[in-house]
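Number of protein chains: 6
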Amino acid sequence: MLNKANLQFIGAEAEFSQALTVLFGAPFDGTTSFRPGARFAPQAIRLDSNGLETYSPYQDGDLTDFPIMDSGDLELPFGNPRGALDLIKERALNILNQQKRPFLIGGEHLVTLGALEACAQIYPELRLIHFDAHTDLRQDYLGETLSHATVIRRAHDLLGDQRIYQFGIRSGERAEFVWSSQGHTFLIPYNFAGLEIILEDLKDYPIYFTVDLDVLDPSVFPGTGTPEPGGVSFDQLRQAVTKVCAQSQVVGCDVTELSPQYDPSGVSTAVAAKIIREMLIALHKNKK
Amino acid sequence: MLNKANLQFIGAEAEFSQALTVLFGAPFDGTTSFRPGARFAPQAIRLDSNGLETYSPYQDGDLTDFPIMDSGDLELPFGNPRGALDLIKERALNILNQQKRPFLIGGEHLVTLGALEACAQIYPELRLIHFDAHTDLRQDYLGETLSHATVIRRAHDLLGDQRIYQFGIRSGERAEFVWSSQGHTFLIPYNFAGLEIILEDLKDYPIYFTVDLDVLDPSVFPGTGTPEPGGVSFDQLRQAVTKVCAQSQVVGCDVTELSPQYDPSGVSTAVAAKIIREMLIALHKNKK
Amino acid sequence: MLNKANLQFIGAEAEFSQALTVLFGAPFDGTTSFRPGARFAPQAIRLDSNGLETYSPYQDGDLTDFPIMDSGDLELPFGNPRGALDLIKERALNILNQQKRPFLIGGEHLVTLGALEACAQIYPELRLIHFDAHTDLRQDYLGETLSHATVIRRAHDLLGDQRIYQFGIRSGERAEFVWSSQGHTFLIPYNFAGLEIILEDLKDYPIYFTVDLDVLDPSVFPGTGTPEPGGVSFDQLRQAVTKVCAQSQVVGCDVTELSPQYDPSGVSTAVAAKIIREMLIALHKNKK
Amino acid sequence: MLNKANLQFIGAEAEFSQALTVLFGAPFDGTTSFRPGARFAPQAIRLDSNGLETYSPYQDGDLTDFPIMDSGDLELPFGNPRGALDLIKERALNILNQQKRPFLIGGEHLVTLGALEACAQIYPELRLIHFDAHTDLRQDYLGETLSHATVIRRAHDLLGDQRIYQFGIRSGERAEFVWSSQGHTFLIPYNFAGLEIILEDLKDYPIYFTVDLDVLDPSVFPGTGTPEPGGVSFDQLRQAVTKVCAQSQVVGCDVTELSPQYDPSGVSTAVAAKIIREMLIALHKNKK
Amino acid sequence: MLNKANLQFIGAEAEFSQALTVLFGAPFDGTTSFRPGARFAPQAIRLDSNGLETYSPYQDGDLTDFPIMDSGDLELPFGNPRGALDLIKERALNILNQQKRPFLIGGEHLVTLGALEACAQIYPELRLIHFDAHTDLRQDYLGETLSHATVIRRAHDLLGDQRIYQFGIRSGERAEFVWSSQGHTFLIPYNFAGLEIILEDLKDYPIYFTVDLDVLDPSVFPGTGTPEPGGVSFDQLRQAVTKVCAQSQVVGCDVTELSPQYDPSGVSTAVAAKIIREMLIALHKNKK
Amino acid sequence: MLNKANLQFIGAEAEFSQALTVLFGAPFDGTTSFRPGARFAPQAIRLDSNGLETYSPYQDGDLTDFPIMDSGDLELPFGNPRGALDLIKERALNILNQQKRPFLIGGEHLVTLGALEACAQIYPELRLIHFDAHTDLRQDYLGETLSHATVIRRAHDLLGDQRIYQFGIRSGERAEFVWSSQGHTFLIPYNFAGLEIILEDLKDYPIYFTVDLDVLDPSVFPGTGTPEPGGVSFDQLRQAVTKVCAQSQVVGCDVTELSPQYDPSGVSTAVAAKIIREMLIALHKNKK
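Chains as they are written, first to last, in my numbering: chain A, 1 to 288; chain B, 289 to 576; chain C, 577 to 864; chain D, 865 to 1152; chain E, 1153 to 1440; chain F, 1441 to 1728.
Structure below.
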């Protein structure tokens, strides 16, 4: 008669067997060097998603029209990045093996690697679309190869040259920009210039789509570990994620790097929840 | 010889008998469902208005040039929305009956209804101009018909079809957008497109003008109960309120939904105070 | 295979059919006049209870030894106090009718009235033990009879003279202290003097036990709507609630008036969770 | 018909002509070296005094029984400490010359000097009772002789040896403690030991009483410029200020060094308001 | 073997003898009338500069390519503005006399005057470029002539008519705008219109360049004493400071009015650090 | 002529060659599971130590009387706890090998292990005195053996039975208390009962002394990762650390678990700095 307390992303109420997309949280920030706190993002997003409507006037779609499930958070060991990635990879493979799409909510950006490894194992032709303020292309950071600052370099280890498309980048070491320009990744600085052309080129490939929310300008998204002034606006990001999700074959995706405690207004969490809503609607609307 | 302590909106120093516009505060947020705190807005706005100049370079006008009075806050019963609205209506009628203009500072958006009822009683041809992020058109909310989420629907009960003009709307249930589109209200989503044309059409009607400040993007106005990313900029709102106040016959107006405690920087309160200054100057400048 | 996300008070994992005590949240603060926010307490307590051990060295007991269930939060209408109380009363009766003990987590103090009405209906000989900084004995507050400031007066309407025992009181109007002293309630100011004697006197009566956490000194519990300097220490309260729960027949109880957002350190929420843990262990340990 | 907005300390509603005690604020912190913000104290105390009862169960007295007036804040020039002190002295003399008692609300501790100068001019036999965490006995601070860190040394310039009684002191330079012990001031470290004996000795002298609220432990009063762990409890201070105000001839007094913005919980402001309430009641109750 | 703890602006590691530009901090806000705190800016900027890359993709330059030194903070007397200015002037002269460029980090805007006096002494043909939200042209403020609100008027006392170029101005008293328009300063309201033309005109003059960061919109820079909605974006300011530093002969400069404590997200501090980085790179790149 | 910016603990100004005690910071919180942030403690303590006097009236001693050096912070890899511990151990050995005493400022409690390993290598008869709210005796935490929750268990691996003295403990799993009681550690719950007797017993042994500041009650020390209500007061801790440092042979020590960002008042940081001051003075005063 009485139900147990539960908490999930608004509108993500499907049963696992019916779901096409399965949300899961990776509350991990064990390699964050500057300001930790991304671990608090998944629960904050779920709580504040209740201040959000399920309906999007932008797309005239409603979360409740689609079979989406929120499978809750992983319990991850701090101080052991590889162990954490293995647990993320395992959850993503569980979802992929049931012909469903994993949608990961970080956590710091390193968590992407676990889900990406799972997708690359299932889809050998995988391409990566990456929205971020930072290059994330270092070979190592203070001697560690698994770090929020190296995650796209590790993705390159896995996928190889010319399979990674980076947008919005406005911060990194000179050496990272140089390395990218030597044919290793496509890097569009500052904004989403050329996104539509690239989506057309990629339309036959399976896509992993990773959104580091610090691609946004800190005016609208102050709640993040390393705020970088000069980013894109909410509407620019909203339109760009909608295009990626609506126009390409996204087989896995994630949203990372919200650190809610740096934004006492709660706006950053609201932004994260609304971007996830728009992504979820675009992933399902007008799809067979 | 020594004066009692007092606190008022900067430059609103007229006596009641001389005043053309009379400010009053309605520190009420009793139906706010997500994040309360709009009750603190009137006092916060008065305090921080002292960091503001009385002069506007945008309009080359100065608050001290015009007869404006700040009549302080009502004391309103929490837990009794209708009782609160009756007190607001009573104060507004007192002001209207002296051929003055009531300028209400909320409080949550429901407070608008009390002042609107007073204006509609005096001006049967009243039209409503409504700036907001949210439709506010629900029939009821958790069974209650008096709510911040139903206030414009209640306004429609009072005014009828095609007398309400909504601008900047970017959030609501699908059913609310559908209901509006069935001829009940004019709804301009996202921005102020067409405002000048509508002002021209309305130039012979008495206008009630309600500004829910969450029409602003949360980057510049994080201090509100339900932040909705994707809103208008400060300059867009400043220009739009100036046009409404300068080019139409505003017989009553309000500014609502500042919740100062969600913005420890104080910027949201500064924004509210500056919008009120611009409205006040536009209401009086070049008017007979 | 994958479970839905859920959130409950730590260690409260029993099924309803097995449970002896059933927690439920009443996220309501619709009559709070000074600083709202108690609505956020139930979810905050659940989240932060995960930083707490289930084991109490004070009592050498562990939450996981006892059949306790967390049945989640009610959805309550803001702006309608009587409607909210009816829903609280209904939930409490559901629990009582299954021979279980309701344990309510507020919310503002008014929520107590709903659970008390349910207990009084089942147990006509009910007595009330009340820990608080405030008398809460006003006949009305701004004309409203249902208010956080009148809740114990309403309890007196229900229970009658000399059935209410108030401890820790240090704030109120003179008239409230006078009224109490006229034989209506037993009022022990400032602390828990005489608690053991009263518990001995009451040992054959069914007890409703309400804890307004602002009985604590604000140094250890700043996160509350109306902080009153000069309160009891954590250890004083911990010992007092343990005595009440261990030595009397508590048939219903509650913990109210945490407003977590006023305490960014999270200490107040940790205090609330730990007091609930100690109460729960004392309610079950060495009981038949 | 409609009153202007005003804000005053709760219960301080007398007209100037009737008042025995006149509150005034000195929102000045221009010499604060570590963390400014005491300028915000007077308005914060007035606002939050509305969450306080006018009745004190400790003394069974009510603010509304006594003729107390709040005459508002001075407007003081930052960057000119002597100019600010002159304005404070002028206001205090205005009050003293009408046979009333000035009650100053700071501001940083330097403001005391202005009111003390006024009282010493009227009462040549003046003694100073000083509650504080800090000695405040430096000859100068970074070359400046007018500073929050030198204020009691300046008081000594004015009053001379053995007329200053310092209580609760727990911080200072070694040289300050040595200088005090050479017969210049009576200094009781850490607490209020011997207060009653000293009050008996001083019962025939006019007293200026200055309370630097940082004498409190920062657990209960974190909102101050230089928090010093190891202070007195709220109840210790409450009892001590009550004794001074009830048992001696206080001709002028002040409460200083609240910096409300360092305490987002508002507890420090509530503490300040409650201490002022207790002082005001003790100053008037059972006095002819 | 072990180094002492030290803290400096990232990449500013040159020895004094090699340095071309020498940073120094003036942690002074003694005349700030509304909200103090700019004193905390220099240390906050140094600490958070460690979250910044030394490389700028905008200019393809790296701080570590250039000889820049951070010489730490001055110790300044609060309550004595002229004394503080003298210490600032002395430090700036020390730097100028070694044929180096002083780069001052405030502090409130008044600190500019000390460095400007030093530069004007060395360079009689000095021009001032001023970015700000506020005119800062008052003759006095509450009777004081040295104030954050008068600093550019004092600069005019020093430099005379038509040597001051103000950009981005959007707040002031009517009289200040009028005074400026009488031929005393060039004042470009709201933005940087015409900056390139003016830089061309000024290319043969020594320039002092002062940036009051509140020229930025408070959405991206909430951490300041007097936030003025309606300012420029980060990218607009970034481009404008780059032009001034790259295209003119800046002999001294400053960045003022960050008050980090009003922005708990830390974004404002990140903005300040990044603007300083861009200025430093533009000052040195492609220069002889 | 001009010095580089530097930042050190107040009064810790000796050169390395002269120093008897060498402070160093370990800004690491990579295994913190609940609320990270202890990484910010060393810099926050240094900054806020400037609000502290160097003189202690409690001990009549002054930091500047003794040869103490602050050697700054280590740069530690997040995500690699063993790597971080090795760097801490190396720094401690460097200091010990010069016949100096390492004084470590954490960071999370795990950092203790690195310094303890160094001391145990030099002093085979080492004993450990441990002040904490938590047992820290788990064998592993989520599978990881190196964790803030296991650090004293790891110390036991190193030192063996009956060499560890735990005081103030009030939280842990039942199994940890049982394990301790089986002869593995001496565990005094809640307070410092018996401390003097134990110090007498240990007076001929080299001591490592570790202070987890969460032994304090959260009322005075809210700024920590896992606040545990019911702890000791500041004066109790001050007296206890003074006794340990004055009456035993402390060859290494640390202070850990300040997380300054959870305490916006800054009181927790002030407490940490003052405890370090008292320890430093007690370590050197009246010592040969």
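C-beta: ideal position from N, C-alpha, C; glycine also. Quantities reported herein were computed from a predicted structural model and do not represent experimental measurements.
(request) Could you please tell me which residues of the region 721-737 of chain C, in chain order, have their CB closer than 7 Å to any CB of chain B? (result) 722 and 723
(request) Taking 8 Å as the cut-off, decide whether the C-beta atoms of residue 1478(F) and residue 1471(F) are in contact. (result) no
(message) Taking the beta carbon of residue 882(D) as the centre, do at least 16 other beta carbons fall within 10 Å, making it buried, or is it exposed?
(response) exposed
(request) Using 10 angstroms around the beta-carbon of residue 228(A), count the other beta-carbons present and answer buried if the total reaches 16, otherwise exposed. (result) buried
(request) Work out the CA separation of residue 397(B) and residue 424(B) for me, nearest whole Å. (result) 9 Å
(request) Going by CA-CA distance only, name the one from 247(A), 267(A), 134(A) and 73(A) that's closest to residue 504(B). (result) 267(A)
(message) Using C-beta distances below 7 Å, list every residue in its chain close to residue 466(B), excluding the 5 sequence neighbours before and after it, in chain order.
(response) none
(request) Could you please tell me which residues of the region 1100-1121 of chain D, in chain order, have their CB closer than 7 Å to any CB of chain F? (result) none
(message) For residue 706(C), report the span of its beta strand (DSSP E) as first-last.
(response) 703-707
(request) Go through its chain and collect everything with a Cβ distance to residue 579(C)'s Cβ below 8 Å, but skip five positions before and after it. (result) With a pLDDT of 42 at residue 579(C), under the threshold of 50, the modelled position of that residue is not reliable, and no figure is offered here.
(request) Report the residues of the region 1644-1669 of chain F with a CB closer than 8 Å to any CB of chain C, ordered along the chain. (result) 1657, 1658, 1659, 1660, 1662, 1663, 1666, 1667, 1668 and 1669
(request) For residue 700(C), count neighbouring Cβ atoms within 10 angstroms of its own Cβ and tell me buried if that reaches 16, exposed if not. (result) exposed
(request) Work out the CA separation of residue 1328(E) and residue 1304(E) for me, nearest whole Å. (result) 11 Å
(message) For the structure I just gave you, are there three or more beta carbon pairs, one from the region 497-514 of chain B and one from the region 1355-1372 of chain E, closer than 8 Å?
(response) yes
(request) Flag residue 612(C) as yes if its beta-carbon sits less than 8 Å from any beta-carbon of chain D, otherwise no. (result) no
(request) Could you spell out the range, first to last residue, of the beta strand (DSSP E) harbouring residue 811(C)? (result) From DSSP, residue 811(C) is part of no beta strand (DSSP E) but of the alpha helix (DSSP H) over 810-823.
(message) Mapping the DSSP letters down to three states, classify residue 1360(E) as helix, strand or coil.
(response) strand
(request) Check residue 1044(D) in the structure and name its three-state DSSP category. (result) helix
(message) On the DSSP letters alone, give me the boundaries of the alpha helix (DSSP H) that residue 690(C) sits inside.
(response) 688-698
(message) Please confirm whether residue 335(B) has its beta-carbon closer than 8 Å to some beta-carbon of chain D.
(response) yes
(message) Quick check: what's the CA-CA separation for residue 479(B) versus residue 471(B)?
(response) 20 Å
(request) Answer with yes or no whether the minimum CB distance from residue 477(B) to chain A is below 8 Å. (result) yes
(request) Throw me the rounded Cβ distance for the residue 1568(F) and residue 1645(F) pair, which I believe falls under 8 Å. (result) Not confirmed; about 10 Å, so no contact.
(message) At the level of alpha carbons, what is the spacing between residue 890(D) and residue 739(C)?
(response) 50 Å
(message) Does the CB of residue 583(C) have a neighbour CB from chain A at under 8 Å?
(response) yes
(message) Which residues of the region 304-328 of chain B have a Cβ closer than 9 Å to any Cβ of chain C? Give them in chain order.
(response) 317, 318, 319, 320, 321, 323, 324, 325, 327 and 328
(message) Below 7 Å on C-beta distance, what does residue 1483(F) contact in chain E?
(response) 1199
(request) Given a cut-off of 8 Å, decide if residue 234(A) and residue 518(B) are closer than it, judged by their beta-carbon atoms. (result) yes
(request) Could you name the residues of the region 1496-1514 of chain F whose beta carbon sits closer than 7 Å to any beta carbon of chain D, in the order they occur along the chain? (result) 1497 and 1502
(request) Indicate whether the contact test is met: 3 or more Cβ pairs, each with one atom in the region 1057-1065 of chain D and one in the region 1098-1112 of chain D, closer than 8 Å. (result) yes
(message) Strictly by DSSP, which residues pair up with residue 432(B)?
(response) 429(B)
(message) Beta-carbon within less than 8 Å of residue 15(A)'s beta-carbon, same chain only, minus the 5 sequence neighbours each way: which residues are those?
(response) 69
(request) Below 8 Å CB to CB, which residues in the same chain sit around residue 453(B) once its five sequence neighbours on both sides are set aside? (result) 415, 416, 417, 418, 473, 474, 476, 486 and 490
(request) Just the chain D side, please: which residues come within less than 8 Å of residue 1254(E) by C-beta, in chain order? (result) Going along chain D, no residue has its Cβ under 8 Å from residue 1254(E), so there is no contact; the nearest lies around 22 Å.
(message) Do residue 434(B) and residue 655(C) count as a contact pair if the criterion is CB distance below 8 Å?
(response) yes
(message) Would the region 253-261 of chain A count as touching the region 98-109 of chain A if we require 3 or more Cβ pairs under 8 Å?
(response) yes
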